[in-house]
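Each remark here refers to the structure printed beneath this line.
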Amino acid sequence: MSPMNRLRSGLAAAAAFAAACVLLAPGTAQAAPFAVTTDVNKAIAEHYLSPATESPAGSNRFDCRDREGRDPIVLLHATAMNQSANWAYLAPTLANAGYCVFSLTYGQASWSGNTGGLGNKERSAAQQVAPFIDKVLAATGAAKVDLIGHSQGGAIAQLVTQLPGRATQVDTIIALSASHQGTSRVGSITDRLPARAPGQSYWGPRHPAIDYVNFATRFDEISTPYTNTLMTPGPNVVNTLIQDVCPASKIGHVGMAYSPTVAALVRNALDPAHRVPLVCGSDYPL
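Note that the sequence shown covers residues -31 to -1, 1 to 255 in mature numbering (1 follows the signal peptide of the UniProt record, and there is no 0).
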C-alpha cells in the first residue's frame, strides 16, 4: 500500500489495531526493543569489519509479521560499506517502531572482503538484491516491499525496478543522499558518473506506481552538487532538504543514515497516517 493509500485508510487501520489483542505472538514485529547505536564513529569502528552476513540489530527476522499490515522494508547500504555498519542506527529504530526490517551486504569485489558496494551495480541489483527481495516477500507473505537506500543504495533501488517484473514488487523508494544525476566529486569512485539533465535520473525512468521520496542535505560532501540528489517534482515524487526542516542542521552525507531527524522523516514517509514528531538536534557533520 502506498503512502497515499495509507493516508486514506489510517482511521480504519487505527480502529482495527485498537481492537486487536495487545499481546504479541512470536514472530510479530516489535517483539523486543533492539539496541540502537547513536554514535556514528562507534558504529563504523565496531561494525565496518564485521562479516558481510552480520545483520544490524532488529533486522532479518524472517518470521516477522507487521501487525499493522505495512510493507516490509529492505535497506540498501552505501558505497564501501556493509549492512551492519550502515544501518546500526536506522534498522533497530525502525524495528522498534514495529516494522519488519531486512538488509543485506551486496556488491563485494574479489578484493574487498566483507565490504560491499564496490562491485558492478547492475550485477548487484540483478544477482543479489532482486533475489533477496524475493526471499523477503516469500517469508513475510507481503505483496510488495519498501526500499530505503543510502547513497549508492538509492541507485541500486532504482536499478532493481528496471529489471523485468520487479517494479510491481516495490511500493516506495526512499533515498538518502542518492546521486540520481551523478556527482562532480571523486568522493566515491563507483558513484562518479556524468551529470544528466536536471531531474533526470541516471538509473532509468521512474515508475508511476512507485512513490519516490528523496532526502538531501545542503552540506553533502559526496553527492555534489546536493541538488543532484533530488528528482524533478511529480505526483509520485517528494523531495525534502533537511535544512528546510531543521535550518541549523549541518548534517553530512554519512550522517544521513544515523540521524534522528532523518529517521523521523523516513517514518512519516512510510506511514503518514501515524506521524511522529520531528526533533532537530546535533547531526553527524560528515
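Beta carbons are placed, not taken as given, at the ideal position from N, Cα and C, and that holds for glycine. No experiment lies behind these values; they were computed from the predicted model shown.
Inset, instruction - Taking 8 Å as the threshold, find out whether the segment 49 to 60 comes into contact with the segment 128 to 137 through three or more Cβ pairs. - result: no
Legend entry - Nearest residue (CA-CA) to T7, options I102, N237, R236 and V231: Taking the first residue of the sequence shown as 1, we reach residue 7 at position 38. Per the Cα distances, V231.
Legend entry - Exposure label - V238; buried when at least 16 CB within 10 Å: For the purposes of this step, residue 238 is identified with residue 269 of the sequence shown, where counting begins at 1. What sits at residue 238 in the sequence shown is Ala, not Val. Buried, since its Cβ has 16 or more Cβ neighbours within 10 Å.
Inset, instruction - For the alpha helix (DSSP H) holding T230, just list the boundary residues, first then last. - result: Here residue 230 refers to the residue found at position 261 when the sequence shown is read from its first residue. Taken as a continuous stretch (DSSP letters only), the alpha helix (DSSP H) holding T230 covers P229 to L239.
Legend entry - Residue span of the beta strand (DSSP E) that contains S93, given as start and end: Here residue 93 is taken as the residue at index 124 of the sequence shown, counted from 1. First-last for S93: K90 to S93, but that is the alpha helix (DSSP H), not the beta strand (DSSP E).
Inset, instruction - Identify which residue in T141, N89, A107 and G110 has its Cα closest to the Cα of Q121. - result: Taking the first residue of the sequence shown as position 1, residue 121 is located at position 152. Q121 has its Cα closest to that of N89, out of T141, N89, A107 and G110.
Inset, instruction - Would you decide whether K113 is buried or exposed? Buried here means 16 or more other CB atoms lie within 10 Å of its CB. - result: For the purposes of this step, residue 113 is taken as residue 144 along the sequence shown, with counting starting at 1. Classification for K113: buried.
Inset, instruction - Would you mind reading off the limits of the beta strand (DSSP E) that contains I13? - result: Stepping through the sequence shown from its first residue, residue 13 is reached at position 44. Unbroken run through I13 is the alpha helix (DSSP H), V9 to H16; no beta strand (DSSP E).
Inset, instruction - Go ahead and label G85 buried or exposed: buried means 16 or more other beta carbons lie within 10 angstroms of its beta carbon, across all protein chains shown. - result: As a first step, residue 85 must be located in the sequence shown, where it is residue number 116. Answer is buried; the Cβ neighbour count reaches 16.
Inset, instruction - Assign H243 to one of three DSSP states: helix, strand, or coil. - result: Counted from its first residue, the sequence shown places residue 243 at position 274. Residue state, collapsed to three classes: helix.
Legend entry - Beta-carbon spacing of I143, V206 below 9 Å: Residue mapping note: residue 143 aligns to position 174 of the sequence shown, counting from 1. Residue mapping note: residue 206 aligns to position 237 of the sequence shown, counting from 1. Taking 9 Å as the Cβ cut-off, I143 and V206 do not qualify as a contacting pair.
Inset, instruction - Check whether the Cβ atoms of S146 and Y75 sit closer than 9 Å, and answer yes or no. - result: In the sequence shown, residue 146 corresponds to position 177, counting from 1. In the sequence shown, residue 75 corresponds to position 106, counting from 1. No, Cβ-Cβ distance for S146 and Y75 is not below 9 Å.
Legend entry - Identity of the residue in G123, Y58 and P204 nearest A178 by Cα: As a position in the sequence shown, residue 178 is number 209, starting the count at 1. Closest option to A178, Cα to Cα, is P204.
Inset, instruction - Thinking L247 and L234 are a contact (beta carbons under 8 Å), I'd like their distance in whole angstroms, please. - result: Counting from one through the sequence shown, the residue named residue 247 turns up at place 278. Counting from one through the sequence shown, the residue named residue 234 turns up at place 265. Confirmed, Cβ separation roughly 7 Å.
Inset, instruction - May I have the straight-line CA-CA distance separating I220 from A78, to the nearest angstrom? - result: Translated into positions along the sequence shown, residue 220 becomes position 251. Translated into positions along the sequence shown, residue 78 becomes position 109. Roughly 30 Å separates the two Cα atoms.
Inset, instruction - Note down the Cα distance separating G250 from P133, rounded to an integer number of angstroms. - result: By one-based count along the sequence shown, residue 250 stands at place 281. By one-based count along the sequence shown, residue 133 stands at place 164. Rounded to whole angstroms, G250 to P133 spans 42 Å at the Cα level.
Inset, instruction - Give the C-beta separation of I42 and L73 to the nearest angstrom, bearing in mind that I take them to be a contact with Cβ-Cβ under 8 Å. - result: As a first step, residue 42 is located in the sequence shown; it is residue number 73 there, counting from the start. As a first step, residue 73 is located in the sequence shown; it is residue number 104 there, counting from the start. Wrong, their Cβ atoms sit about 12 Å apart, outside the cutoff.
Legend entry - Buried/exposed call for V105, threshold 16 Cβ in 10 Å: The residue labelled residue 105 in the question sits at position 136 within the sequence shown. Buried, because 16 or more other Cβ atoms sit within 10 Å of the Cβ of V105.
Legend entry - Nearest-angstrom Cβ-Cβ length linking A26 and A60, presumed shorter than 8 Å: Position 57 of the sequence shown, counted from the start, is the residue given in the question as residue 26. Position 91 of the sequence shown, counted from the start, is the residue given in the question as residue 60. Indeed they touch by this definition, with Cβ atoms about 6 Å apart.
Legend entry - L210 versus V9 - alpha carbon distance: As a first step, residue 210 must be located in the sequence shown, where it is residue number 241. As a first step, residue 9 must be located in the sequence shown, where it is residue number 40. If you take the alpha carbons of L210 and V9, they lie about 21 Å apart.
Legend entry - Cβ neighbours of P2 in the same chain (closer than 6 Å, five flanking residues each side left out): Here residue 2 refers to the residue found at position 33 of the sequence shown. Hits under 6 Å: N65.
Inset, instruction - Assign I42 to one of three DSSP states: helix, strand, or coil. - result: On the sequence shown, residue 42 is found 73 positions in, with the first residue counted as 1. Here I42 sits in strand by DSSP.
Legend entry - Close Cβ partners of Y253 (< 8 Å) along its chain, the five nearest in sequence each way excluded: Translated into the one-based positions of the sequence shown, residue 253 becomes position 284. Counting only Cβ-Cβ distances below 8 Å, and skipping sequence neighbours, we find V9, I220, G221, V223, G224, Y227 and S228.
Inset, instruction - Measure the Cβ-Cβ separation of G67 and R30 and say whether it is below 9 Å. - result: Counting from 1 along the sequence shown, the entry for residue 67 is found at position 98. Counting from 1 along the sequence shown, the entry for residue 30 is found at position 61. In this structure, R30 does not lie closer than 9 Å to G67 by Cβ.
Legend entry - Top-ranked residue by Cα proximity to Q97, from K11, D213, A21 and S218: Position 128 of the sequence shown, counting from 1, holds the residue named residue 97. Taking only the C-alpha atoms, the option nearest Q97 is A21.
Inset, instruction - Return the chain-ordered ranges of every alpha helix (DSSP H) run that is complete within the segment 85 to 145 and spans a minimum of 4 residues. - result: 90 to 93, 99 to 109 and 121 to 130
Legend entry - Residues that residue 282 bridges to, as DSSP identifies them: Residue 282 cannot be examined here, being either before or after the span of the chain that is shown, -31 to 255.
Legend entry - Start-to-end residues for the beta strand (DSSP E) that takes in S19: Taking the sequence shown and counting its residues from 1, the one referred to as residue 19 is at position 50. Neither: S19 is in no beta strand (DSSP E) and is coded neither H nor E.
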